[in-house]
Amino acid sequence: MKQRCHWVTNDPIYIEYHDNEWGRAVYDDQKLFEMLSLEGAQAGLSWITVLKRRENYRKAFEQFDPAAVSGFSESKINELAANEGIIRHRGKIASVVTNAQAFLQIQQEFGSFSRYIWNFVDGKPIVNNWQSHEEVPAYTKESENMSKDLKRRGFRFVGPTICYAFMQATGMVNDHIQGCFLYNGDI
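Just so we're aligned: the sequence shown equals residues 1 to 187 in the UniProt record's numbering.
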């Protein structure tokens, strides 16, 4: 049996996510927007709660097309707040719209969101060498800097811990622990 990171349960959705997505470098702007939005939705909840609703989120937020989401009206936000397929926290839902608008501004300024966001790790993944999950931090200097700059640009639900989880999810940081089969794997 493969040894995985501590947070992976026997749930097939978690195993699939860990084995094929978490910690793999993402450079696609739309995928980055999706992950930042989902990490914000996760605030205060378990990741599995969001992961099990991911397809509903994709439908609700136009496959996380930032141009489409940036134009969502108050009535659309109210409609989404009644959508039982997603987490119905009005503030989190509205933040995806606000963040889409800020996201588009960053794309204009930097040519792509990917170019902007990867600057926080000097353009390459940080590879950590944790022996156990207790060593993995909740946030780092890089995620604090990212959080501060995103907030300055108008983003919401992007605290340092959310930013660090985003960095882990999108492969900006490789936090597979040493005992995990993906620690030295092809990610």
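Backbone N, C-alpha and C define an ideal beta-carbon position, used for all residues, glycine too. In this text the structure is predicted, and so the values were computed from the model without any measurement.
Ala81: member of the alpha helix (DSSP H) spanning Glu74 to Ala81, first to last residue. Annotation: the continuous alpha helix (DSSP H) that includes Leu51 extends over Trp47 to Leu51. Spanning the alpha carbons of Arg115 and Lys2 requires a straight line of approximately 35 Å.
Distance from the CA of Gly171 to the CA of Asn184, rounded to the nearest whole angstrom, comes to 14 Å. A contact is defined here as three or more CB-CB pairs under 8 Å, and the stretch 37 to 47 meets this definition with respect to the stretch 76 to 95.
According to the DSSP assignment, Leu150 belongs to the alpha helix (DSSP H) that extends over Lys141 to Arg152.
By the 16-neighbour rule on beta-carbons within 10 angstroms, Arg4 is buried. For Ala25, no alpha helix (DSSP H) segment is defined, and its DSSP state is neither H nor E. With a cut-off of 8 Å on Cβ pairs, the stretch 164 to 182 is in contact with the stretch 4 to 13, counting three or more such pairs.
Within the same chain, and ignoring the five residues on either side of Phe166 in sequence, the residues whose Cβ sits closer than 7 Å to its Cβ are Met35, Leu36 and Glu39. The beta carbons of Asn174 and Asn119 sit about 18 Å from each other, so the pair does not count as a contact at 8 Å. Of the candidates Gln131, Asp29, Glu74 and Arg156, Asp29 places its Cα closest to the Cα of Ala67.
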